[in-house]
Amino acid sequence: MSCDNTRPCPCTYDCPRHGKCCACVAHHRAHNDEVPGCFFSKEGEATYDRGIAALARDHGLKIEE
């Protein structure tokens with residue numbers, strides 16, 4: 011899959027999809043994984059909590075858990 015990221019990727023996981031956001035998202039969706047690290051800020055990704063609630067907190071949103 012050819013898709014180059016136009017922004018620096020904050021994900022610290024070293025994988026063949028690093029910097030290729032569309033490939034990363036497709037991989038996570040296909041494996042029913044949590045949210046990819048590239049959706050988080052650098053600080054949010056550093057927590058390694060990849061859940062929806064963590065993503066909302068990282069983006070300053072309040073959700074009921």
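Numbering follows this note's numbering, with no gaps: position 59 of the sequence shown is 69. All C-beta atoms, glycine included, are put in the ideal place defined by N, C-alpha and C.
- C-alpha of A33 to C-alpha of A40: approximately 10 Å in a straight line.
- In summary, C25 is exposed, with fewer than 16 beta-carbon neighbours lying within 10 Å of its beta-carbon over all protein chains present.
- For E74, there is no enclosing alpha helix (DSSP H), since its DSSP letter is neither H nor E.
- Judged by DSSP in its simplified three-state form, D43 adopts coil rather than helix or strand.
- Taking C-beta separations shorter than 6 Å and ignoring five residues to either side along the sequence, the partners of S51 in its chain run D68, following chain order.
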